[in-house]
Structure formats: structure tokens, C-alpha cells
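One structure is given here, and the rest of the page talks about it.
Number of protein chains: 2
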Amino acid sequence: MFFDKKKQPPTDILLRAENSNGTPMPPGGIKLMQALRLLLQEKNFDSITTAEISRVAGVNEALIYRYFKDKRGLLHKILAEYFRVHLAQITNDVHEAKGAFSRLRTLINGTISFHKRNGVFSRILLLEVRNHPAYFESEAYDLAKKYSKLINEIVQQGIADGEIRHDIPLSCLRDIIIGSIERACMRPAIFDQEFDEESLAGNLAEAVIGGIKRPTDMLQTQTGKRQE
Amino acid sequence: MFFDKKKQPPTDILLRAENSNGTPMPPGGIKLMQALRLLLQEKNFDSITTAEISRVAGVNEALIYRYFKDKRGLLHKILAEYFRVHLAQITNDVHEAKGAFSRLRTLINGTISFHKRNGVFSRILLLEVRNHPAYFESEAYDLAKKYSKLINEIVQQGIADGEIRHDIPLSCLRDIIIGSIERACMRPAIFDQEFDEESLAGNLAEAVIGGIKRPTDMLQTQTGKRQE
DNA sequence: CCACCATGTAAGTAATACTTACTGACAAGA
DNA sequence: TCTTGTCAGTAAGTATTACTTACATGGTGG
């Protein structure tokens, strides 16, 4: 097993969140983030009211607007804290692995594991934020781009080393990797389904790598764009 | 070229929509659907008000609640009409093609083409509905499942014929196919970006098929689950 | 002519995201 | 010790908006 440090409990993320300027988030802000995170385990964002969030947090409703831009700003902040932890773990693990394929397996494994351990992260990222323009101006989106860049680096290195095929654009390869992972995590996130992360990640990596690896021989029909 | 009938204009869908019981949708309902579709070209669903929809449609606001369950019900109905047209086209094209790979290419090509021609469909499906439980009770979701079943059929036939690998679960293969397509269409949908559908679909199909095809020889490391 | 039903409407209501104006605590400086 | 300023927190609003209710109208069959 090349990824054994994933047996942590459903990490208590966002306990130590910081404000955008670097100052630590005051207690009220932390409580609000924890409250929304808790509520998101049971219902979708739109059906959670600001009154509910503040009631669960035990603070006044107006604090949402003091510490965050608005209700969605609070959501984005939570996502950002998840992403921060996820990125720290995954970049470390990836750089420990050697070779493009091993790194990709590590990435796929780690990402799916994180999604499984953090269903709220899954739901926020896959379902709740991308329909609203403000997300793409948020800190959370910046971190999502960093994640994307990490994949770019792995794939580009793999191409340079002759492991990964060079006849398909980088963006397309990245779409396959991220798209497959997200699709696989979406159904469990929506329906609260359990899944075997080990085998899922293994199978996904196997098939995805099979598709993006450089063909070692010429007997397949892969080189010609289309035959008919 | 195996898919030449896709040069239709951005189809005028939902002009001939029917109510759920089979009776034709009255004029007011049609106008409301067209109005929301128009508005969705410019802003996201949440920031469109019912007052706005009815104003653009030129009918009274209460008609939304007579002909649809609620505001989201109207959204789901629009998506369902898009899906109906899309499914009719794609199932036909797919069944004309022969062989699992040719069918998959047809499916990928046709789906991406439909997404490109119908940006509103893209945005509704990929961004606006899956965050709300009511979607999964809707007619639109039933059609989405039909689309999913179509892929199942292709892949299962491909496995039976020895074209597609059998060592990876069907659900996983399907996630790769759908996930890749949706991820590739997401960025253009969000940012209104143009893209070359021909090359995108070709590249995607090429890599995806490369990953799910049955290995014709044993010289790769694909059979063992993991080596290290 | 009338009963009926479908299409359409005006006016209202409850809920909710967000705002404003305020209080108390605490620390620094004179 | 008084003043000043800042930061955490709050109560009480307001404007918006999704949704409801009760009513009007027009065509159709008997």
C-alpha cells in the first residue's frame, strides 16, 4: 500500500481558521462555520436559513455579515478551509511518490479518500458553489486552481519523461482525471451512499492511466485520429 | 465522418412541450419556459426572480404555480425538454453506429455537440439542479437515468464482445465516460467560453476509449491491480 | 341560456437575507 | 482616573421574493 496515512478520523477542519488579512477568526466566526458545516450534513445550502445557522452557532445573525461577505461567503470560507487541509496532505503525498503513474494513483487515492471522509466538502464543492459567480472570485476557487495545477505538473512531467502520451492536450487529460474522480464521488455525496474507496480509487486509476499512458507499441488503432 | 447531422442551429426546444399527464402545455406555460430559458443565458437561476420570469413571459406570476410545482419545477421542466430532444438524437445515432468504440465516439461527439449548441442545457444540468433534492424526483432525472442506461448498454455489449475490459466495474467505466464529458463541458458553460467541439470530442474519446478498451496483449502493467 | 372548466389575473402573506444603529468590554495613553 | 478608540456582539428593523388565495373571463357542450 502506498497510501496508509489516510486512516484519520473525519478531520476537524476549520477550527483554526484565519481571516483573509491573516488575523485569526474570532470565536463567533468559528462557531458560525461549525454550525453551517453541521447543518450541511443534513440539508442542502439553500434550505438552511441564516436564522438557523446563527441559532445553532449560538450567536447573533448579524455576525454572519460582519465576518463574512454574506451567506455564501460563509460557505466559501468553509470550503476553503477544507481545501487547505486537503491540498497540504495531497501535495505532500504526491511529491513523495516517484513517477507520473504512481503520483497519479496517489492523487486519485488521496482525493477519493478525502471526499469519503468529508462528505460536506464533497457536497459543497460538487453541488453548491459552482452555480454562483461569487465562487470564482473566492479564496476557495484559488485553492481549487492550485489543485488543478498540481495535476498539470504531474502530467507535464509524465509527458516529458515519455510516460504519458503527448498527442492529447493537457487540458483534456486533466478533464478526464478530475471529471472521473468528481463523478465517482458525486453519487455517494448526493445520496449519502457508502462506497469502497480502496477499490474505487484503484479501478479509476487503472482505467484513467490506461487511457492517458503513452502506447508502448503501435499495434493499436490509437495513433490515427479516426478510422472508418 | 460518422456524425454529420449535428449542424443544426441551437435547436428551438420546448416549443411543443407537454404536461405530465399528456395534455399539451398551455400557451402561458410555454411562454414561461421560454422566458426562463432566455434569462438563463445571462444569469444564474438563483438571481432570477419569479417576477422577472413572468414579466419577460408577459403573463402573470401565479401561472408559474399553476403549471409547475414551483420555480424549480419550471427549471426541471425545461431541462426535461432539452433531455428529450437530446436523447432522441443520440439514441438514434448510437444505434446506427456499429461496435462499442464507434458507438462511444458517436455518443461523446453527440453529447459534446449538444452541450455546445445548448449552453443553457449545459448550465442547468451541470450547475443548477443537482444541489436540490426535488430534482431527483423529477421527470428530468428520469431522462438522465435513461441517458446513463444507454451508456450501460454500449459498454455491456462491448464487454460481451470482448472489446471492452471486464476487470473494472461497469459503474466505474460509466463514471469515467460521463465525468470526462461533463468536466470538459463545464468550464465553457460557466465562463461562456468557445471551444472546438470536433477536436475536444475526438481527444476525449481517444483517451477514454484507450483506458477502457480490453488490452490486446499482455506486455503492459495493466492486469495486476498494483505493482510496487 | 347555463353550467363548466380552463386560462389568466390582482392583491396579499409569510419568510428570509441583509442592514443599521446600538451596547459592553477592554486596552492605551495622558 | 478619565478619554478615546477598537473589537466582539446584539436587537430590531426593512426590502425582497417565493408562493397563495380568491376572483374574472372566455369558450364549449348540453
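Each protein sequence line maps, in turn, to chains A and B. Numbered per the numbering used here, the first sequence spans residues 1371 to 1598. Numbered per the numbering used here, the second sequence spans residues 1371 to 1598. From the three backbone atoms N, C-alpha and C, an ideal C-beta is built for every residue, glycine too. Source: prediction; values computed, not measured.
Discussion item. I'd like to check one pair, leucine 1513 (chain A) with phenylalanine 1453 (chain A): are the Cβ atoms closer than 7 angstroms?
Written reply: Closer than 7 angstroms, so yes.
Discussion item. If you measure between the beta carbons of isoleucine 1460 (chain A) and alanine 1571 (chain A), is that distance less than 7 angstroms?
Written reply: no
Worksheet item: Where does isoleucine 1534 (chain A) fall in DSSP's three states?
Response: Of the three classes helix, strand and coil, the one that applies to isoleucine 1534 (chain A) here is strand, per DSSP.
Discussion item. Against chain B, which members of the region 1398 to 1417 of chain A pass a CB distance test of less than 9 angstroms?
Written reply: Lys1413, Asn1414, Phe1415, Asp1416, Ser1417
Worksheet item: Exposed or buried, what is alanine 1421 (chain A) when buried is set at 16 or more other beta-carbons lying within 10 Å of its beta-carbon?
Response: exposed
Worksheet item: Is glutamate 1388 (chain A) helix, strand or coil when you go by DSSP?
Response: Strand, per DSSP.
Discussion item. For the region 1461 to 1479 of chain A, list every residue whose C-beta sits within 9 angstroms of some C-beta in chain B, in sequence order.
Written reply: Phe1471, Ser1472, Arg1475
Worksheet item: Do we get a CB-CB distance below 7 angstroms when we pair aspartate 1374 (chain A) with the residues of chain B?
Response: For aspartate 1374 (chain A), the predicted model reports a pLDDT of 36, less than 50, meaning its position is unreliable; a value from the coordinates is still stated below. Not closer than 7 angstroms to any Cβ of chain B, the Cβ of aspartate 1374 (chain A) fails to qualify, so no.
Worksheet entry | Bounding residues of the alpha helix (DSSP H) (the contiguous stretch that carries proline 1558 (chain A)) | 1540 to 1561
Fill in: Between the CA atoms of glutamate 1412 (chain B) and alanine 1504 (chain A) - distance to the nearest angstrom
15 angstroms
Item to complete: Could you list which residues in chain B have their beta carbon closer than 7 angstroms to that of histidine 1502 (chain A), in chain order?
Response: Asn1414, Asp1416
Worksheet item: Alpha carbon to alpha carbon, how far is phenylalanine 1484 (chain B) from proline 1394 (chain A)?
Response: 48 angstroms
Discussion item. So the candidates are A:Ile1434, A:Arg1407, A:Phe1415; which of them puts its Cα closest to the Cα of glycine 1399 (chain A)?
Written reply: A:Ile1434
Item to complete: Please confirm if arginine 1553 (chain A) has its CB atom under 7 angstroms from at least one CB of chain B.
Response: Closer than 7 angstroms to some Cβ of chain B, the Cβ of arginine 1553 (chain A) qualifies, so yes.
Discussion item. Using the three-state DSSP reduction, which class does proline 1396 (chain A) fall into: helix, strand or coil?
Written reply: coil
Worksheet entry | Three-state class that DSSP yields for isoleucine 1418 (chain A) in the structure shown | coil
Worksheet item: What residues in its chain sit with their C-beta under 7 angstroms from that of glutamine 1527 (chain A), if we drop five residues either side in the sequence?
Response: Ala1470
Discussion item. Can you check which of these residues, B:Cys1555, B:Asp1537, B:Asn1430, is closest to arginine 1487 (chain B) by C-alpha distance?
Written reply: It is B:Cys1555.
Worksheet item: Going along chain B, which residues have a C-beta under 7 angstroms from asparagine 1573 (chain A)?
Response: Ile1538, Pro1539, Cys1542
Worksheet entry | For glycine 1684 (chain A), the three-state DSSP class (helix, strand or coil) | Outside the displayed range of chain A (1371 to 1598) lies residue 1684 (chain A), so it cannot be described from this structure.
Worksheet item: Roughly how many angstroms lie between the CA atoms of isoleucine 1521 (chain B) and glutamate 1533 (chain B), to the nearest whole one?
Response: The straight-line gap from Cα to Cα measures roughly 15 angstroms.
Worksheet item: Between which two residues does the alpha helix (DSSP H) carrying glycine 1428 (chain B) extend?
Response: Careful: glycine 1428 (chain B) lies outside any alpha helix (DSSP H) and carries neither H nor E.
Worksheet item: Are any of the Cβ atoms in chain A nearer than 7 angstroms to that of glutamate 1509 (chain B)?
Response: With 7 angstroms as the cut-off, glutamate 1509 (chain B) does not count as an interface residue toward chain A.
Worksheet item: Skipping 5 residues on each side, what residues in its chain have a beta carbon closer than 7 angstroms to that of lysine 1401 (chain B)?
Response: Ala1427, Gly1428, Val1429
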